[in-house]
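So the sequence shown is residues 2 to 290, counted in the numbering used here. The C-beta atom is built at its ideal place from N, Cα and C for all residues, glycine as well. Quick caveat: nothing in here was measured; it's all calculated off a predicted structure.
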Amino acid sequence: MAEKIGLEAVFDIGSFNQGVNIYIQQLNRMTSQTQNAASTLTGVGNSLATGFAAAAGTALINTLTGVGRAIRQVGQEAFEAVRFFERLQFSVETFTAISLVQEGAFDNISDALSTAQTEARGYILALQEIAIFSPFTTKQVADFNRLLNVYGFAREAAFALTQQLIDFGSAAGFAPSQLNRIALALGQVRTQGRLLGQETLQFTNAGIPIIQIISDFTGKTTDEVLKLRKEGVLTSDIVFAAFNDFVQQFEGSGKRVSQTFNGLLSSLEDLREISFAEFFQGVFEPLLP
2 MAEKIGLEAV FDIGSFNQGV NIYIQQLNRM TSQTQNAAST LTGVGNSLAT
52 GFAAAAGTAL INTLTGVGRA IRQVGQEAFE AVRFFERLQF SVETFTAISL
102 VQEGAFDNIS DALSTAQTEA RGYILALQEI AIFSPFTTKQ VADFNRLLNV
152 YGFAREAAFA LTQQLIDFGS AAGFAPSQLN RIALALGQVR TQGRLLGQET
202 LQFTNAGIPI IQIISDFTGK TTDEVLKLRK EGVLTSDIVF AAFNDFVQQF
252 EGSGKRVSQT FNGLLSSLED LREISFAEFF QGVFEPLLP
């Protein structure tokens with residue numbers, strides 16, 4: 002065998018070259034893997050970017066949709082508030098004109114309407130004040146008052162009875178439907194001029210023990226009161242006097258209950274509807290024919 006000289010005398014050139022080739026192959030594999038990883042990361046980054054963009058776009062669309070829906074909701078509520086107070090204005094004007102004719106201030110309703118318009122605004126403000134300082138809404142208070150007007154109570158009497166109903170209903174925790182039944186029973190007693198069995202049942206179903214109330218007021222026993230009712234001599238004057246005496250003990254309850262959480266929510270609802278009506282009245286007027 003020939004003697005090795007130079008590098009071959011120190012290194013095994015074949016083994017070295019083989020090792021270098023293996024290293025180069027490994028380096029190439031690492032480079033390829035790195036490139037693949039970079040490509041994958043780039044794809045992930047692009048996907049994430051696309052995903053974030055899509056999510057942001059979806060969120061923006063949802064936000065704009067929500068804003069649009071909220072605007073439509075506010076517009077609808079405002080429109081309904083304007084409609085309600087417009088109907089209330091016309092209703093109060095009509096009943097005020099009727100009262101003015103009944104009081105002899107005018108000969109007919111047509112002549113009384115001009116004056117009724119001004120007085121109706123003050124009357125509505127008074128009803129709103131009752132509602133704000135109670136757990137009932139303006140719509141509910143107006144419904145009680147309108148029902149009493151329909152049954153012929155003069156505006157002052159209807160307003161006083163409305164306030165009494167609100168105070169009593171606030172103290173007793175009555176629902177609006179119960180107060181409506183009481184107002185209906187009072188109206189029927191006024192129309193008939195006396196208390197009959199049907200109205201007694203209506204009072205009782207609404208939570209008003211009218212026989213006991215009349216008994217306490219007149220000093221008669223409940224049997225004696227029932228006998229008078231059957232004889233048809235329990236006049237509306239007696240019923241109203243006894244009812245008035247009963248509800249007076251709850252005077253101011255509406256304002257006290259308005260300071261509770263439920264009362265506050267009702268007051269805020271009233272203030273919102275009043276604000277809607279006042280602000281949007283001029284907005285919707287150009288739409289009228």
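Next item on the list: State buried or exposed for T97, treating a residue as buried only when at least 16 other CB atoms are found within 10 Å of its CB.
Entry: In the sequence shown, the residue the question calls residue 97 occupies position 96. Buried is the call here.
Next item on the list: Determine which residues share a DSSP beta bridge with R195 and list them.
Entry: Here residue 195 refers to the residue found at position 194 of the sequence shown. R195 pairs with T236.
Check: Looking only at its own chain, which residues have a Cβ that is under 8 angstroms from the Cβ of Q249, when we skip the five neighbours before and after it?
Finding: Within the sequence shown, residue 249 is the residue found at index 248, counting from 1. If you ignore the 5 residues before and after Q249, its C-beta comes within less than 8 angstroms of the C-beta of Q165, all in its own chain and listed in chain order.
Margin query: Report the CB separation of L89 from A155 in whole angstroms; it is logged as a contact under 8 angstroms.
Written below: Against the sequence shown, residue 89 aligns to sequence position 88. Against the sequence shown, residue 155 aligns to sequence position 154. In fact, because the Cβ distance is near 19 angstroms, the residues do not count as touching under 8 angstroms.
Item checked: Euclidean distance between Cα positions of G170 and Q118 -> In the sequence shown, counting from the first residue as 1, residue 170 sits at position 169. In the sequence shown, counting from the first residue as 1, residue 118 sits at position 117. Distance between the alpha carbons of G170 and Q118: 30 angstroms.
Checklist line | Cα-Cα separation, Q260 to P177 | finding: For the purposes of this step, residue 260 is taken as the residue at position 259 of the sequence shown. For the purposes of this step, residue 177 is taken as the residue at position 176 of the sequence shown. Using only the alpha carbons, I get a separation of about 19 angstroms.
Margin query: Looking only at its chain, what residues have a beta carbon closer than 6 angstroms to the beta carbon of F247, apart from the 5 residues adjacent to it on each side?
Written below: For this step, residue 247 is matched to residue 246 along the sequence shown. Contacts found: I214.
Item checked: Distance between beta carbons of T192 and G220, contact taken as under 8 angstroms -> For this step, residue 220 is matched to residue 219 along the sequence shown. For this step, residue 192 is matched to residue 191 along the sequence shown. Incorrect: roughly 28 angstroms between the Cβ atoms, too far for contact.
Margin query: For E120, which residues in the same chain have their Cβ closer than 6 angstroms to its Cβ, ignoring the five residues on either side in sequence?
Written below: Taking the sequence shown and counting its residues from 1, the one referred to as residue 120 is at position 119. Only T97 meet the Cβ criterion.
Margin query: With a threshold of 6 angstroms on Cβ separation, who are the neighbours of L8 within its own chain once the five nearest residues in sequence on each side are excluded?
Written below: Indexing the sequence shown from 1 puts residue 8 at position 7. Confidence at L8 is low in this model, with a pLDDT of 36, below 50, so its placement is unreliable and no value can be given for it.
Margin query: Quick check on L149: buried or exposed, where buried means 16 or more other Cβ atoms within 10 Å of its Cβ?
Written below: Within the sequence shown, residue 149 is the residue found at index 148, counting from 1. So L149 ends up on the buried side.
Next item on the list: Closer than 8 angstroms by C-beta to L42: which residues in its own chain qualify, once you throw out the five before and the five after it? Chain order, please.
Entry: Against the sequence shown, residue 42 aligns to sequence position 41. At L42 the pLDDT is 43, less than 50, meaning the model places this residue with poor confidence and gives no usable figure here.
Next item on the list: Provide the residue span of the alpha helix (DSSP H) that contains D168, from first to last.
Entry: Counted from its first residue, the sequence shown places residue 168 at position 167. Element bounds for D168: R156 to A173.
Margin query: My output table needs one value for A207: the three-state DSSP class, helix, strand or coil.
Written below: The sequence position of residue 207 within the sequence shown is 206, counting from 1. In this structure, A207 counts as coil in the three-state DSSP scheme.
Item checked: Reduced DSSP category for G153 - H, G, I as helix; E, B as strand; rest coil -> Locating residue 153 in the sequence shown gives position 152, counting from the first residue. It is coil, neither helix nor strand.
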